[in-house]
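Right, one structure below, let's go through it.
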Amino acid sequence: MKQILRITLLFLGITGGLMAQNSAAVRFVRNQGQWDAAVRYCAEIPGGYLLLKEKSLMYVFFEEEALKSVHARKGAPNARKTEALNGHAVEVLFEGANPTFNVEEQHKNPATYNYFLGNDPNRWASNVASFGEVIYRDVYPGIDFKMYAFRQTLKYEFLVAPNADASRIKMRYVGSKELKLVNNELAVVTTVNQFKEAKPYTYQEINQRSKEVATQYRLEGEYLSFDFPKGYDRSAPLTIDPELVFSTFSGSYANNFGHAATYDAQGNLYSVGTTHSMGIFPTTAGAFQRQIGGPGNQVDIGLLKFSPDGTRLLYGTYIGGSDCDVPHSMIVNNKDELVIFGTTSSLNFPLTSGAFQTRFGGGTPVMPLGGFEFNNGMDIFVLKLNSTGSVLTGSTYVGGNGSDGYSRTPDFALANYGDEFRGEVVVDDKDNVYVATSTNSSNFPLVNAPGNQYGGRQDAVVFKLSSDLKTMLMSTYLGGTSPDAAYGIKWAPSGAVYVTGVTRSSNLPVKTGAFKKALSGLEDGFLAKFANDQLAQITYLGTDSSDVGYLVDVDAEENAHVFGITNGKYPATAGTYNVANAGQFVHALDKNLSTTVFSTTIGSNRAAPDIAPTAFLVNECGNIYLSGWGGVVNSRNGYILSSSTIGLPTTEDAFMRTTTGSNFYLAILEKGAKSLLYGTFIGSTVTSDDGDHVDGGTSRFAKNGVIYHATCVCRRANFPSTPNVWSVNRNSLDCNNAAFKFDIDRMKADFDTYEGSTKGVVSGCAPLTLDFINTSVGGRTYNWDVQGNNISRDPVKATYTFNQPGEYRVTLRIFNPLVCRGQDVVTKIIKVGVSKAKASGDTTVCANVGVPLFAQGGIKYSWSPAAGLSNPNIANPIAKVNATTQFICTVTDSNCTVKRNVTVTVNNNKPDFQALKDTTICVGQSAVLTALGSATRYRWSPALTLSDSVGTRIIAKPAQTTTYTVTGVYADGCLPQKSITVRIEDAKNDFKVVPDTIICAGQSVQLLAQGGATKFTWLPSPSLSDVTIRNPVAKPTQTTTYTVTGTYPDGCTPVRTVTVNVEQGPQNVRFEIEPVYACGQPTTLQYFNRTSGNAKFEWDLGNGTRSTNATPAIATYTQNGTYQVTLSAFSAYGCATSVTQTVSVLNLDKIPNVITPNGDGKNDTFIIGIPNAQLEVFNRWGKQVYSNSNYPDDWGKGVLNGTYFYQLKVTPTVQCKGWIQVIE
């Protein structure tokens, strides 16, 4: 049973009720005296707020991290701790603007805002309106300035009228840390953030069309203006439309925290919390600094009232003085006034005339929780607002010389985060106001409390104010000599008042007959009863450990039920649902507080408290409702270390069965705690540093089981919300007050009736089959019956066929043990009649041929669809349709209405209508098209290639494949159609040629034509061996495409082509050879490849050596002689070009060193065998004896025996020296 109605996130703003909403992130709130007169409007923006002044704008930003660091942290009683909060203001002035201009407001929001700031009623403002758009008219001559919210962004526009001068616009940015233009965007840098004005989109509407105008920012120092490099049409209006972009658009500086929630008789939801407010706006631009919690930086009260479904904000009200103000509890009285109780440190808290106490009582500075610093101590405040939140109908201080309304949690072993702000307010049937809380004042204003004295350290206190808050009717301490605190209070219809809380005092004023007369452990819970404004009884509640009573309610017999927490083994009575070692208890005592009715424990079994109680109810039938939260805010901040929602019991129909450990928990116990009827978690599904929690305060269950709850949702938390509520997102980077309304007890039986897919059918003719679809809310089991006879227990639907005429009662009963009344019933009447209606049978016709339809047996006829009918509201219309159509005739007589279906099938076919089959012809041939049948004539199309367009036998001669349509025109109006396709066979599929090929220049290739052709003609002929055969040889000198025409016996002459690509070898193939001579060694040859391109190479060096390198290695030739060296270069296709050179080789390794010139013809002369060599010969004394520049191998004749020396010059760079012996 998941019965959540609405979960809505409520965003409280620093400017007093500027709550962000889905539909627009920015609201411009009018100043009606609540702020400085220089401000005309104020709007929240990311990280701060925007002030619209008389002739300027002011952006004010704050450093959000400083605020995040102090929330959900333990306080420091009797200590002051302020933290610096950096801020920065940038003011934008309209330089050279008109001295005055009018302001126009657009898009007014339905919600109003109220401001009760300080104790001067002249500065209070009620029913303050906010707007989505503000326009400054004629800022410059003919130029308006508009500021508005658009799709979650903040935008402004300059609206330039025809012939106005846009160059007059100049904005001066005062107080920024830096201004700079980056890619035609203006960046505004402050000490705490940066925002920018995006590239302006400028346009003109001309002839109902939008035309963009090129626009550039111009920045000169602090001055920003606009340039139009391509100009614009000055005779048409011009709109300059930049967009403001902030570093984040998560909400505002306005971190706000949930404290308490309540409801009224109409089911409206009230949520109240606190929000950090700057109090006084900065008056000058630039950086500034304030103190969180310090003077001038108050925490004030933000109140929201929402419609029952959460979709509308009815009002927002902002209350506070110059210091810290925190709400604890609230309730709506019988006059529909909202009563709020809390604590304040403001010396100028808003009070009303005749208030009971108009002077602040005082106290020492105290910081109960992180971020809540009461610099002047604390007093209690109690105030009332009318139903619209616009009138403060009563407001008073209550307190003495110490801090009041505050519980010193370090005095107790068991304390949850936020217990510092515990306490509760209720009203009686005369709207007198009762408050249970704590005080540290020794002179608390006591009334009707004879002999009552302050016990010391801290006492609980209970007081009763008149409905107008002008008179204290009763006020008393409640406690002993050790610390005591009162947390919960309940007024009973008998006039009795019950109070619960915690005590360490062993001397409470217990009277005879009390259930428990003595303190059992370190600290106990207590339950007190007041009758006739006097203490009637008080009793301890507890174990030998620590126990605390948080909330109290009474049942119909006025048995008092207390919801609390324990560290001990709290007793569970027989017959109750209980969890051993659980840390939460519910204890019911009789109205005299003398006898236990029952007691039980609920929770996990970790033997310590799991949750901090927040709301409690005993409904009319005695079922017990409770809620609370647990998790890291407690366990990480020195409160209850065991605090967690893990392990708490849930039921199958829970709204949320899993938990992060830091969620809210709701449970329902059957009367007398006999069983767990319902258990569920509510909250975020991701773990965050703070989890789901509430900063003290009370939330409430209405008697019908609906809980109205406030919560504080922070940072990463993703607290759920339902569609269409006023706000579904958390806007602040830190925390927001998220209120939820959860309807556990709602039960409403209902169902819809369907006949097929038609909804709402409650009458018809037999046999009538209906589906009944369950739309109930809150049921657990279901029972369907017809005329008292059960037909189904299905939770989704039931189906029934009514076969006989008559009037039938169909009843759905739903059951839920959670709801006091147990069941809900809904009955619907189904009327069933008998019809004699008939309709014509289905029929088949040709398209657009009229056919008569008919129906009978009724007094009223309606045919649908009406299209194609001569008259849809008569019994016998004529139908003329071009496609098959099902007509539905609704026939109504005096008994019932029935529907009859008639299908008109469109079929244009005639069985005798035929056409010859598709055919194939060659190009230039013709085909005979023939149609057969009894049509009066035959029409053919397309007619362009036909011998005639009308006839049974037509000649077609198409140039390409064509599909012809023949339409038979029949006497009955039918026009059946057939089609014949004449395909052009311009090629025989078997007629093929060899694929394209590549040959090298000088090569040949044989071509081949395949297929059934009998004759062949090849072109061009010069490079072919024969042009009339099937397979000629082609030897082209260049790339050539050959065409072959084949002639078939049937006269078709298909044509095919084949391309022979002639590939040339590489061009410019060349190389060089350089001999290398060395004395006494063989000659080597060095080769140089001078060929360009990326060819492949092959060398033949003439000495048996081959190489495929581009350049071969140096080759050695051991024998003198002539050699042929060839270089072949190959293309990518393998075509070669070769070049050959002849080279002579002469070696210097065989020069003789002995000659014998004896005339025998053998070795007579010095032979070296090298042409063109230069030889010089010297005797042993170095005298030249021979010289020749072209030595002919003839020296030695007639030479004396002896040793000679020679010098042989082979080339300019190669010279050899040696000796030779002459022996004759």
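With positions in the sequence shown counted from 1, the corresponding number in our numbering is that position plus 439. Every residue gets a Cβ at the ideal spot worked out from N, C-alpha and C, and that includes glycine. A quick note: this is a predicted structure, and the numbers were derived from the prediction, not measured.
{"Query": "State the DSSP-derived secondary structure class of residue 606, mapped to helix, strand or coil.", "Result": "helix"}
{"Query": "Which same chain residues, not among the five before or five after residue 1045, have their C-beta less than 6 angstroms away from its C-beta?", "Result": "1081"}
{"Query": "For residue 1193 versus residue 1200, is the C-beta distance shorter than 8 angstroms?", "Result": "yes"}
{"Query": "Say whether the segment 706 to 715 touches the segment 669 to 683, bearing in mind that this needs 3 or more beta-carbon pairs closer than 8 angstroms, one atom from each stretch.", "Result": "no"}
{"Query": "DSSP three-state label for residue 562, please.", "Result": "helix"}
{"Query": "Which of the three DSSP states, helix, strand or coil, is assigned to residue 849?", "Result": "helix"}
{"Query": "So residue 642 and residue 631 are supposed to be a Cβ contact under 8 angstroms. How far apart are they, rounded?", "Result": "At roughly 34 angstroms, the Cβ-Cβ gap does not stay under 8 angstroms, so residue 642 and residue 631 are not in contact."}
{"Query": "Measure from the alpha carbon of residue 1029 to the alpha carbon of each residue in 968, 981, 985 and 819, then state which is nearest.", "Result": "968"}
{"Query": "Give the range of the beta strand (DSSP E) segment to which residue 1494 is assigned.", "Result": "1494 to 1502"}
{"Query": "Looking at the secondary structure, which residues open and close the alpha helix (DSSP H) in which residue 1567 lies?", "Result": "Here residue 1567 belongs to no alpha helix (DSSP H); instead the beta strand (DSSP E) covers 1560 to 1569."}
{"Query": "Taking DSSP as the reference, what is the three-state secondary structure of residue 1608?", "Result": "coil"}
{"Query": "DSSP three-state label for residue 843, please.", "Result": "strand"}
{"Query": "Given a threshold of 16 other Cβ atoms within 10 Å of its Cβ, counted over all protein chains shown, does residue 1322 qualify as buried or as exposed?", "Result": "exposed"}
{"Query": "Please report how far the alpha carbon of residue 900 lies from the alpha carbon of residue 816, in whole angstroms.", "Result": "17 angstroms"}
{"Query": "Determine whether the beta carbon atoms of residue 896 and residue 850 lie at a separation below 8 angstroms.", "Result": "yes"}
{"Query": "Buried or exposed: which applies to residue 1173, given that a residue is buried once 16 or more other Cβ atoms fall within 10 Å of its Cβ?", "Result": "Its pLDDT being 47, under 50, residue 1173 is placed unreliably by the model, and the measurement read from it follows with that caveat. With 16 or more other Cβ atoms within 10 Å, it is buried."}
{"Query": "Answer with buried or exposed for residue 861, where buried requires no fewer than 16 other C-beta atoms within 10 angstroms of its C-beta.", "Result": "buried"}
{"Query": "Could you tell me which of 605, 646, 662 and 596 sits nearest to residue 625, measuring between CA atoms?", "Result": "662"}
{"Query": "Decide if residue 457 is buried, meaning its Cβ has at least 16 other Cβ atoms within 10 Å, or exposed.", "Result": "At residue 457 the pLDDT is 38, less than 50, meaning the model places this residue with poor confidence and gives no usable figure here."}
{"Query": "Which residue wins for smallest C-alpha separation from residue 742, given the options 1362, 906 and 764?", "Result": "764"}
{"Query": "Do you know whose CA, among 875, 892, 876 and 873, lies nearest residue 882's CA?", "Result": "892"}
{"Query": "Are the CB atoms of residue 1378 and residue 1388 nearer to each other than 8 angstroms?", "Result": "yes"}
{"Query": "Assign residue 465 to buried or exposed, taking buried as 16 or more other Cβ atoms, counted over all protein chains shown, within 10 Å of its Cβ.", "Result": "buried"}
{"Query": "Where does residue 858 sit, in a helix, a strand or coil, going by DSSP?", "Result": "helix"}
{"Query": "Quick one: residues in its chain with C-beta nearer than 6 angstroms to the C-beta of residue 1402, no 5 flanking neighbours on either side, listed in chain order?", "Result": "1418 and 1420"}
{"Query": "Is it right to say residue 1119 is buried, meaning 16 or more other beta carbons lie within 10 angstroms of its own, or is it exposed?", "Result": "buried"}
{"Query": "Just curious, the alpha helix (DSSP H) that residue 649 is in, first and last residue?", "Result": "That residue, residue 649, is in no alpha helix (DSSP H); its beta strand (DSSP E) goes 648 to 652."}
{"Query": "Tell me whether the beta-carbon of residue 928 lies closer than 8 angstroms to the beta-carbon of residue 936.", "Result": "yes"}
{"Query": "Say whether the segment 869 to 883 touches the segment 828 to 847, bearing in mind that this needs 3 or more beta-carbon pairs closer than 8 angstroms, one atom from each stretch.", "Result": "yes"}
{"Query": "At the level of alpha carbons, what is the spacing between residue 1380 and residue 1279?", "Result": "39 angstroms"}
{"Query": "Report the option in 1593, 609 and 1010 whose CA atom is closest to the CA atom of residue 1019.", "Result": "1010"}
{"Query": "Just the Cα atoms here: how many angstroms apart are residue 888 and residue 478?", "Result": "51 angstroms"}
{"Query": "Answer with buried or exposed for residue 773, where buried requires no fewer than 16 other C-beta atoms within 10 angstroms of its C-beta.", "Result": "exposed"}
{"Query": "Closest to residue 1526 by CA distance: which of 499, 1056, 1582 and 1103 is it?", "Result": "1582"}
{"Query": "Please give the ranges of any beta strand (DSSP E) in the segment 812 to 844, keeping only runs that are unbroken, at least 3 residues long and fully inside the region.", "Result": "818 to 824 and 831 to 837"}
{"Query": "So, for residue 1439: in the same chain, excluding its five sequence neighbours on each side, which residues have a beta-carbon less than 6 angstroms away from its beta-carbon?", "Result": "1502 and 1574"}
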